[in-house]
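Number of protein chains: 6
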Amino acid sequence: MPYVNIKITNEGVTSEQKKQLIEGATNLLRDVLGKNPQTTVVVIDEVETDNWGIGGEQVTDRRKRGQ
Amino acid sequence: MPYVNIKITNEGVTSEQKKQLIEGATNLLRDVLGKNPQTTVVVIDEVETDNWGIGGEQVTDRRKRGQ
Amino acid sequence: MPYVNIKITNEGVTSEQKKQLIEGATNLLRDVLGKNPQTTVVVIDEVETDNWGIGGEQVTDRRKRGQ
Amino acid sequence: MPYVNIKITNEGVTSEQKKQLIEGATNLLRDVLGKNPQTTVVVIDEVETDNWGIGGEQVTDRRKRGQ
Amino acid sequence: MPYVNIKITNEGVTSEQKKQLIEGATNLLRDVLGKNPQTTVVVIDEVETDNWGIGGEQVTDRRKRGQ
Amino acid sequence: MPYVNIKITNEGVTSEQKKQLIEGATNLLRDVLGKNPQTTVVVIDEVETDNWGIGGEQVTDRRKRGQ
Chain P
1 MPYVNIKITN
11 EGVTSEQKKQ
21 LIEGATNLLR
31 DVLGKNPQTT
41 VVVIDEVETD
51 NWGIGGEQVT
61 DRRKRGQ
Chain V
1 MPYVNIKITN
11 EGVTSEQKKQ
21 LIEGATNLLR
31 DVLGKNPQTT
41 VVVIDEVETD
51 NWGIGGEQVT
61 DRRKRGQ
Chain H
1 MPYVNIKITN
11 EGVTSEQKKQ
21 LIEGATNLLR
31 DVLGKNPQTT
41 VVVIDEVETD
51 NWGIGGEQVT
61 DRRKRGQ
Chain W
1 MPYVNIKITN
11 EGVTSEQKKQ
21 LIEGATNLLR
31 DVLGKNPQTT
41 VVVIDEVETD
51 NWGIGGEQVT
61 DRRKRGQ
Chain D
1 MPYVNIKITN
11 EGVTSEQKKQ
21 LIEGATNLLR
31 DVLGKNPQTT
41 VVVIDEVETD
51 NWGIGGEQVT
61 DRRKRGQ
Chain Y
1 MPYVNIKITN
11 EGVTSEQKKQ
21 LIEGATNLLR
31 DVLGKNPQTT
41 VVVIDEVETD
51 NWGIGGEQVT
61 DRRKRGQ
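Residue numbers (full-length UniProt numbering), protein chains in the order written: chain P, 1 to 67; chain V, 1 to 67; chain H, 1 to 67; chain W, 1 to 67; chain D, 1 to 67; chain Y, 1 to 67.
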């Protein structure tokens, strides 16, 4: 029954990688808390780098500086 | 003043259906808790089937099996 | 498979009212989009009135003025 | 370490405006609570006007009436 | 920089289990997407069983039936 | 109409500080995007330090080391 939301920047994540995130998060809840995988929900949000800020600046600008 | 967030998979939901979700959620809060519809906010997020997991797998894969 | 999050102020909502919100939201998704109630998740967050703002002020202060 | 999520309607917000939202929210947490800007995260979600409801109706319809 | 939110029912999760969820989610993002663990944020929300619904009913009621 | 969610650790934030966060976030949306303060909603979530992770560890542990 757990609900897991993963927010990442939209920078070319593949469908295969999303599959691994979904499997991994579901297994984590099963292994640590014994949660039933059948009712665990995982939602991945891909956020544009212009819309994500850290340290007071857009990730777009950090990427330009190679960070 | 309530805030309702509805997350669904992005599979051809029409504008008319969204209208019904917004009306329905707003009326629900009014009927059950007496909340003023004028300040009830409803936000609908449509999530790609690759980005939604249940039972440890992507909805995309479930749809391929007819689920 | 939908996920519905309802945020309301923490002002004496009863367990029976929460039950009605859960039923109502689940039925809404079934009626409008044909979603399977068995996998619809509803999470209710009750937020202290000091922690909820609208119109630039705390709900606590609005309540004191009878709003 | 704070996490700030700003949800707005998708109506032509520029990259420069997003930059100002990120800076402003980060500075707000620093000024009020002394939070370290380096680990403050801000995520902006732009939501289609069909997917945002207030007063029981879609923002799309409100905009048509000039609201 | 990823942000992970884990919502679970409030049913006696220990501090040690939370530690494992935080480590596990952080490692998952590093392993699958190469994300820097130093800026990965994980927030765990524990939700009362009265406030969590699945299948149109409160988890509290499901627990009473042994589910 | 914007919705702002501020998540911070639960470490003695006063009602007055919450008031300043609500005012500040509401003014930010007005100043940058011309949003009407009357319909701007701000919700503050205070999260236990055991439930917040960064760098793969609980904030509780970081605080013990003076971070």
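The beta carbon of each residue, even a glycine, is placed where N, CA and C say it ideally should be.
What does residue i reach in chain W if we use C-beta pairs closer than 7 Å?
| i | result |
| --- | --- |
| Y:K7 | P2, Y3 |
Note down, in chain order, every chain Y residue with its Cβ under 7 Å from the Cβ of residue i.
| i | result |
| --- | --- |
| D:E23 | G56 |
Tell me whether residue i sits in a helix, a strand or coil according to DSSP, three-state version.
| i | result |
| --- | --- |
| residue 68 of chain V | No statement about residue 68 of chain V is possible, as the shown extent of chain V runs from 1 to 67 and does not include it. |
How would you list, in chain order, the residues of chain H whose beta-carbon sits under 8 Å from the beta-carbon of residue i?
| i | result |
| --- | --- |
| V:T39 | I54 |
List the residues of chain Y that residue i touches, going by C-beta distances under 9 Å, in chain order.
| i | result |
| --- | --- |
| D:T26 | G53, I54, G55, G56, E57 |
Can you give the Cα-Cα distance for residue i and residue j, rounded to whole angstroms?
| i | j | result |
| --- | --- | --- |
| P:W52 | P:E23 | 25 Å |
| P:Q17 | V:I54 | 16 Å |
| D:T49 | D:E11 | 8 Å |
| Y:W25 | W:A25 | Checking the displayed sequence, the identity of residue 25 of chain Y turns out to be Ala instead of Trp. Computed Cα separation, rounded: 7 Å. |
| V:V4 | H:K7 | 6 Å |
| Y:N36 | Y:T14 | 26 Å |
| V:M1 | Y:Q38 | 11 Å |
| Y:K19 | P:G56 | 22 Å |
| Y:K64 | D:D45 | 22 Å |
| W:T40 | P:G66 | 20 Å |
| residue 99 of chain P | D:N27 | Past the edges of chain P, shown from 1 to 67, lies residue 99 of chain P, and the structure says nothing about it. |
| D:T9 | D:V47 | 5 Å |
| H:V42 | V:V42 | 14 Å |
Anything in chain V within Cβ reach of residue i, meaning under 8 Å, just list it in chain order.
| i | result |
| --- | --- |
| P:V42 | W52, G53, I54 |
Run through chain D and tell me which residues come within less than 9 Å of residue i, C-beta to C-beta.
| i | result |
| --- | --- |
| H:K35 | Simply none; closest approach about 11 Å. |
So with CB distances below 9 Å, who are the chain P contacts of residue i?
| i | result |
| --- | --- |
| V:V47 | V43, I44, D45 |
In chain P, which residues lie less than 8 Å from residue i when you measure between Cβ atoms?
| i | result |
| --- | --- |
| W:K64 | Within 8 Å Cβ-Cβ: nothing; W:K64 doesn't reach chain P, min ~27 Å. |
Is there at least one non-hydrogen atom of the ligand PLP closer than 7 Å to the beta-carbon of residue i?
| i | result |
| --- | --- |
| H:M1 | Within the structure as shown, the ligand PLP is missing, as the structure has no ligands at all. |
- Decide yes or no for the touch test of the stretch 25-36 of chain D against the stretch 50-62 of chain W: beta carbon pairs closer than 8 Å, at least 3 of them. no
- Item | Ranges of the alpha helix (DSSP H) found wholly within the UniProt domain "4-oxalocrotonate tautomerase-like" (2-62) of chain V, counting only runs of at least 4 | 15-33
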